[in-house]
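Visitor: Numbering (our numbering), first residue to last: 171 to 647.
This is how it looks when you write it as structure tokens:
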């Protein structure tokens, strides 16, 4: 889905003034931890009324697919089932004359919507039936053949994989958000715009909250969003000499949070610039200790090449499993990656852990932890309000969650947990202390909107660490 493949001119690098040319990266002191974020991303985060989510593309509680609307087909059939589950006949495989996609919304009711063949760019080969949850982890998995649907169709569409909205639909969402905002004394603006993405959240947390030297390998566009990404990450102390600036768009995502902290994500990625595998250089990795990677099946070429160079240069590799949908859809590719022995540390949440072992809802996270531990030096399974489990060699520890039971927004909780855990590893802390620091940092980000920890919440985290006798960061003024 790389934008460069469609627009060759985007390979030309036009660095903004805030980015030094990439070759200066080798001359600078190597960051201890590097993050691989192929496309820079800007998050537009807002607290919204739950009813607003009926007015935006897709459905509540997750990241849904949408494309352009130029060659869209007719609107969907009426929601004929209401709250009554469909019959087996309703779910019969589509005929060759009328292929269709089946989608399920499991939040309020079992609702299935049929879509005509003309609404899709490519005929789906099979049904996708998925029950989404507002508490589900978000993903950035983009379908190979995204449906092209008009805006009025999107309200009913729920797909099992995370995908994207067009820039027009993103702007529509942000307009709706501004008109239906939940005002709060703690939220300074209706929409908070910050650098986002799982890897960026982890890297920024390591730099801003723990004083660990970090850098980003990736690409950003030459638009306003690219400037925002650079300014935000630079302000947090992240080295951007390995971030290529290209002509084109920077990825964006609308992150809508209701009063209960449930998230609905709408990413706009299709035209975003992206770094390609042949653009990695050994100098980018030389001298660093860790490479942080987020699993993404559509970017395996870049991921594999980056890991190959990192291991050649002596780096350890940390892998976040991204989402349970991603793991389920490309489990064999993930297993193949683990079997290379190149993944030193693997993070999975409880849902992702189940999918790794191909288990059901009752699968034991300890089984998944043991499975990951066969391939990785360190394996971690986060358990939301129940804390986390971790394994290193024969040692297994379990640590409770730290923080309020009711989160303002869980965006970035896993990413910031990884920040704390990696801080512990860089500092040589015992496994249990690594988990405790991760629990503190993961709890800190849930106290406000967005995946960036506010200064007062870093202070909260330091107090939690001090109370538990954990090694406090040495921060520069």
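For glycine and all other residues, C-beta sits at the position ideal for the given N, C-alpha and C.
1. Going by other Cβ atoms of all chains shown within 10 Å of its Cβ, with 16 needed for buried, is residue 606 buried or exposed?
2. To the nearest whole angstrom, what separates the beta carbons of residue 630 and residue 617, a pair I think is in contact under 8 Å?
3. Terminal residues of the continuous alpha helix (DSSP H) containing residue 603?
4. Hey, could you find the ends of the alpha helix (DSSP H) residue 562 is sitting in?
5. What number of angstroms, rounded off, separates the C-alpha of residue 459 from the C-alpha of residue 341?
6. In angstroms, rounded to a whole number, what distance separates the CA positions of residue 252 and residue 429?
7. For residue 548, which residues does DSSP report across the bridge?
8. From 641, 526, 476 and 215, pick the residue whose C-alpha is nearest to that of residue 424; which is it?
9. Nearest CA to the CA of residue 403: which residue from 432, 427, 435 and 369?
10. In this structure, does DSSP put residue 335 in helix, strand or coil?
11. Throw me the rounded Cβ distance for the residue 377 and residue 400 pair, which I believe falls under 8 Å.
12. Measure how close the beta-carbons of residue 461 and residue 487 come, nearest whole angstrom, since I'm counting them as under 8 Å.
13. Let me know if residue 484 comes out buried or exposed under the rule of 16 or more other beta-carbons within 10 Å of its beta-carbon.
14. Which of helix, strand or coil does DSSP assign to residue 490?
15. Please specify which runs of the beta strand (DSSP E), each continuous and at least 3 residues long, are wholly inside the region 401 to 435, giving them in chain order.
16. Whole angstroms are fine: how far does the CA of residue 537 sit from the CA of residue 641?
17. Could you please give the first and the last residue of the uninterrupted beta strand (DSSP E) stretch that includes residue 217?
18. Buried or exposed, going by whether 16 or more other CB atoms sit within 10 Å of the CB of residue 637?
19. Is it buried or exposed, residue 442, if we count other Cβ atoms within 10 angstroms and call 16 or more buried?
20. What three-state label does DSSP hand residue 222 in the structure shown?
21. Return helix, strand or coil for residue 379, following the three-state DSSP convention.
22. Report all residues from its chain with a CB closer than 6 Å to the CB of residue 525; omit the five preceding and five following residues, and keep chain order.
23. Taking the C-alpha atoms as reference points, what is the distance between residue 470 and residue 519?
24. Please identify the residue among 200, 633, 205 and 209 whose C-alpha is closest to the C-alpha of residue 420.
25. What is the DSSP secondary structure of residue 446, counted as helix, strand or coil?
26. Mark residue 577 as exposed unless 16 or more other C-beta atoms lie within 10 angstroms of its C-beta, in which case mark it buried.
27. Once you ignore the five residues that flank residue 516 on each side, which residues in its own chain have a CB closer than 6 Å to its CB?
Guide: For this structure:
1. Mapped onto the chain shown, residue 606 falls at position 436. Counting Cβ neighbours within 10 Å, residue 606 comes out buried, since at least 16 surround it.
2. Your numbering for residue 630 matches position 460 in the chain shown. Your numbering for residue 617 matches position 447 in the chain shown. Indeed they touch by this definition, with Cβ atoms about 7 Å apart.
3. The residue given as residue 603 occupies position 433 in the chain shown. Run containing residue 603: 601 to 615, per the alpha helix (DSSP H) assignment.
4. Position 392 of the chain shown, counting from 1, holds the residue named residue 562. Per DSSP, residue 562 belongs to no alpha helix (DSSP H); it is in the beta strand (DSSP E), 558 to 562.
5. The count along the chain shown starts at 1 and reaches residue 459 at position 289. The count along the chain shown starts at 1 and reaches residue 341 at position 171. Roughly 40 Å separates the two Cα atoms.
6. One-based indexing of the chain shown puts residue 252 at position 82. One-based indexing of the chain shown puts residue 429 at position 259. Residue placement at residue 252 is flagged as unreliable, the pLDDT there being 36, under the threshold of 50; the coordinate-derived value follows with that caveat. Roughly 26 Å separates the two Cα atoms.
7. The residue given as residue 548 occupies position 378 in the chain shown. Answer is 515 and 562, bridged to residue 548.
8. In the chain shown, counting from the first residue as 1, residue 424 sits at position 254. Put simply, of 641, 526, 476 and 215 the residue whose alpha carbon is nearest the alpha carbon of residue 424 is 215.
9. In the chain shown, counting from the first residue as 1, residue 403 sits at position 233. Residue 403 has its Cα closest to that of 369, out of 432, 427, 435 and 369.
10. Mapped onto the chain shown, residue 335 falls at position 165. Here residue 335 carries a coil assignment [DSSP, helix/strand/coil].
11. As a first step, residue 377 is located in the chain shown; it is residue number 207 there, counting from the start. As a first step, residue 400 is located in the chain shown; it is residue number 230 there, counting from the start. Contact doesn't hold; Cβ gap of about 14 Å is too wide.
12. As a working mapping, residue 461 is identified with position 291 in the chain shown. As a working mapping, residue 487 is identified with position 317 in the chain shown. Right, the Cβ-Cβ distance comes to about 5 Å (below 8 Å), so this counts as a contact.
13. For the purposes of this step, residue 484 is taken as the residue at position 314 of the chain shown. Burial call: exposed.
14. By 1-based counting over the chain shown, the position of residue 490 is 320. Judged by DSSP in its simplified three-state form, residue 490 adopts strand.
15. Given a length threshold of 3 residues, each whole run of the beta strand (DSSP E) inside the region 401 to 435 is given here in chain order: 413 to 416 and 421 to 427.
16. What you label residue 641 is simply residue 471 of the chain shown in a count that begins at 1. What you label residue 537 is simply residue 367 of the chain shown in a count that begins at 1. Approximately 31 Å, taken between the alpha carbons.
17. Residue 217 sits at position 47 when you count from the first residue of the chain shown. 211 to 217 is the span of the beta strand (DSSP E), which, as asked, contains residue 217.
18. For this step, residue 637 is matched to residue 467 along the chain shown. Per the 10 Å Cβ criterion, exposed.
19. As a working note, residue 442 is residue 272 in the chain shown. Its Cβ being crowded by 16 or more others within 10 Å, residue 442 is buried.
20. Counted from its first residue, the chain shown places residue 222 at position 52. Helix.
21. Here residue 379 is taken as the residue at index 209 of the chain shown, counted from 1. Here residue 379 sits in helix by DSSP.
22. What you label residue 525 is simply residue 355 of the chain shown in a count that begins at 1. Cβ contact annotation for residue 525 (same chain, cutoff 6 Å, sequence separation greater than five): 494, 497 and 498, in chain order.
23. As a first step, residue 470 is located in the chain shown; it is residue number 300 there, counting from the start. As a first step, residue 519 is located in the chain shown; it is residue number 349 there, counting from the start. Cα to Cα, the separation comes out at about 21 Å.
24. Here the question's residue 420 lines up with position 250 in the chain shown. For residue 420, the nearest C-alpha among the options comes from 209.
25. Walking along the chain shown from the start, residue 446 turns up at place 276. DSSP, read as helix, strand or coil, puts residue 446 in coil.
26. On the chain shown, residue 577 is found 407 positions in, with the first residue counted as 1. Buried, by the Cβ-count rule.
27. For the purposes of this step, residue 516 is taken as residue 346 along the chain shown, with counting starting at 1. The answer, listed in chain order, is 489, 542, 546 and 549.
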